[in-house]
Amino acid sequence: MLTPPIIHELIHWTLGLDHAHAHWWIDLVTVVVLVVAPAWTAWLAARSGLRWAAARRDRVRKGRAVPSSAASTGAAGRPGSRETGAVPLEAYVVRATSRLQVRLVLLSVLTLPAAWLLLEIPKHIINHALADDAGDGHPKMAFLGLHLGRVELLFALCASYLAVLTLSGLAKYAVNRVRGRVNERLVRRLRLAIVRRARGERSAERRATLAAVAVQEVEPIGYFGGSLVVVPLVQGGTLVTSIVFLLLQNAALALAALIMLPVQLTILPRLQRRLNAKVRQRVHATRELGALLTAPVVARPAGGEACEPSGLGRQMRQARGLERVRIEINDLKGRLKGLYNYTANLTPFFFFSIGGYLVVQGRLSLGALVAALAAYKEIAPAMRELFDFAQDWSDARARFEEVTKALGPAGQEQRATERPVRDRTVRAA
């Protein structure tokens with residue numbers, strides 16, 4: 001296999017191989033892991049950054065176009081207020097739970113040193129406590145300035161691992177408790193805002209719509225509020241910590257752990273956008289079905305027992321349309337999970353190929369490889385949590401937009417709700 005000299009130089013710099021002609025599969029894996037994947041990821045990151053900047057400029061421009069008098073007409077939590085209608089979801093969550101969010105930040109930061117120590121301690125256990133004295137040449141390790149024997153060092157490191165694991169578990173338990181308080185506080189505030197709005201409504205159909213919003217669409221928004229700070233800090237911090245740890249062990253291992261990241265960033269967001277559109281369609285269809293169920297029943301004329309009431313026919317068509325939407329949502333969720341699981345499980349192929357070859361060649365210690373495997377086990381769940389967080393974020397923003405419309409004037413809600421249902425759901429039936 002003809003390979004440019006720069007590839008051999010890259011192999012020498014990352015893998016430490018000195019021979020100019022490696023196996024063809026080493027060249028192929030090196031090009032994919034060290035050239036194609038990083039360049040692809042950098043291009044996706046740059047494109048996402050430009051799109052985010054453009055969307056932010058559009059939001060600022062639209063915000064300036066809206067008169068300030070229409071941005072706030074009531075107190076916090078009332079229709080058209082700044083707390084719900086004129087503020088993005090993120091700002092609303094931070095404003096409503098600022099003190100609890102600060103506490104979450106402090107507790108989440110405490111878990112990051114523990115994540116590093118849980119990767120570092122097993123490496124020292126294998127390389128120093130379990131390795132033979134005349135085996136791989138590792139120097140003896142001083143534990144807190146004390147030179148211990150192999151058995152004493154083994155138990156000291158194991159006790160340290162247990163202590164760090166316990167402290168990390170306690171910190172995460174405290175995070176989950178505060179996170180639950182944030183969730184319930186947001187749910188309560190949103191429901192109170194809907195209750196205030198419903199008290200001023202005289203239409204039974206309108207009150208039924210607000211009731212459906214309060215029951216079905218508020219809880220996912222509240223549960224996302226507790227994740228707004230925790231998931232990026234804890235899972236993102238765990239991901240960054242694991243990648244930095246892998247970089248310190250071997251650069252090729254760190255890049256191999258992220259080999260499928262550009263593929264995931266290319267395919268999964270497209271499916272996510274389709275899923276978000278279907279979620280909005282489901283919200284409108286559910287709301288329309290609730291309005292139909294609470295509408296006044298039209299009495300059948302005399303002698304028309306064999307004729308089906310028009311209201312029942314509309315309800316049946318709407319129920320069938322809602323069923324189709326929910327099936328499509330389940331199919332899209334299955335595709336998302338299937339593609340993610342496949343790409344995540346495909347990564348160890350590159351990881352074991354590179355790491356195992358380095359161990360066989362004596363370029364990487366066994367303890368470093370075991371620690372790298374432990375770091376990869378932390379990377380995969382962290383990436384999964386971040387992808388789920390992005391999905392929940394998009395879903396919560398869509399639901400928050402619908403709640404904002406429900407808290408607006410009745411005419412605005414009718415235009416925002418009935419038109420998508422009539423175009424997408426009833427016609428599909």
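For the sequence shown, full-length UniProt numbering gives the first residue as 1, with consecutive numbering after it. Ideal Cβ placement from N, Cα and C applies to all residues, glycine included.
Which term fits residue i, buried or exposed, when burial requires 16 or more other beta carbons within 10 angstroms of its beta carbon?
i: residue 381; result: exposed
i: residue 127; result: buried
i: residue 195; result: exposed
i: residue 402; result: buried
i: residue 124; result: buried
i: residue 109; result: exposed
i: residue 101; result: buried
i: residue 243; result: buried
i: residue 146; result: exposed
i: residue 55; result: exposed
i: residue 159; result: exposed
i: residue 307; result: Because the pLDDT of residue 307 is 46, which lies under 50, any placement of that residue in the model is unreliable, and the number read from its coordinates should be weighed accordingly. Counting Cβ neighbours within 10 Å, residue 307 comes out exposed, since fewer than 16 surround it.
CB residue i to CB residue j, shorter than 8 angstroms?
i: residue 340; j: residue 384; result: yes
i: residue 104; j: residue 231; result: no
i: residue 187; j: residue 213; result: no
i: residue 167; j: residue 114; result: yes
i: residue 182; j: residue 237; result: no
i: residue 354; j: residue 256; result: yes
i: residue 209; j: residue 287; result: yes
i: residue 249; j: residue 371; result: yes
i: residue 198; j: residue 189; result: no
i: residue 389; j: residue 227; result: yes
i: residue 394; j: residue 272; result: yes
i: residue 332; j: residue 275; result: yes
i: residue 116; j: residue 245; result: yes
Alpha carbon to alpha carbon, how far is residue j from residue i? Give it in angstroms, no decimals.
i: residue 318; j: residue 285; result: 7 angstroms
i: residue 151; j: residue 144; result: 16 angstroms
i: residue 61; j: residue 53; result: 12 angstroms
i: residue 153; j: residue 247; result: 27 angstroms
i: residue 233; j: residue 386; result: 10 angstroms
i: residue 280; j: residue 291; result: 17 angstroms
i: residue 72; j: residue 87; result: Its pLDDT being 41, under 50, residue 72 is placed unreliably in this model, and the value from its coordinates should be taken loosely. Cα-Cα distance, rounded: 10 angstroms.
i: residue 157; j: residue 358; result: 26 angstroms
i: residue 313; j: residue 293; result: 11 angstroms
i: residue 191; j: residue 334; result: 31 angstroms
i: residue 201; j: residue 320; result: 30 angstroms
i: residue 268; j: residue 337; result: 9 angstroms
i: residue 164; j: residue 120; result: 11 angstroms
i: residue 211; j: residue 368; result: 57 angstroms
i: residue 89; j: residue 348; result: 38 angstroms
i: residue 45; j: residue 391; result: 18 angstroms
i: residue 39; j: residue 47; result: 12 angstroms
i: residue 203; j: residue 216; result: 20 angstroms
i: residue 378; j: residue 344; result: 12 angstroms
i: residue 91; j: residue 277; result: 23 angstroms
i: residue 58; j: residue 99; result: 31 angstroms
i: residue 122; j: residue 239; result: 18 angstroms
i: residue 180; j: residue 223; result: 8 angstroms
i: residue 376; j: residue 193; result: 45 angstroms
i: residue 346; j: residue 405; result: 43 angstroms
i: residue 361; j: residue 129; result: 23 angstroms
i: residue 149; j: residue 93; result: 54 angstroms
i: residue 356; j: residue 270; result: 35 angstroms
Using a Cβ-Cβ cutoff of less than 8 angstroms, which residues in the same chain neighbour residue i once the five nearest sequence positions on both sides are dropped?
i: residue 41; result: 258, 261, 262, 265
i: residue 107; result: 171, 174, 175, 178
i: residue 315; result: 289, 292, 293
i: residue 282; result: 322, 325, 326, 329
i: residue 169; result: none
Looking at the structure shown, is residue i part of a helix, part of a strand, or coil, going by DSSP?
i: residue 433; result: One cannot answer for residue 433 here, as it falls past the ends of the chain, which runs 1 to 429.
i: residue 407; result: coil
i: residue 148; result: coil
i: residue 193; result: helix
i: residue 82; result: Low per-residue confidence applies at residue 82: pLDDT is 44, beneath 50, and the placement is therefore not dependable, though the value from the model is reported in the following sentence. Coil at residue 82, not helix or strand.
i: residue 129; result: helix
Apart from the five residues on each side of it in sequence, which residues of its chain come closer than 7 angstroms, Cβ to Cβ, to residue i?
i: residue 112; result: 237, 241
i: residue 97; result: 182, 185, 186, 225
Near residue i, what residues of its chain come up, given a Cβ to Cβ distance below 6 angstroms and the 5 sequence neighbours on each side ignored?
i: residue 221; result: 396, 399, 400
i: residue 235; result: 382, 385, 386
i: residue 161; result: 121
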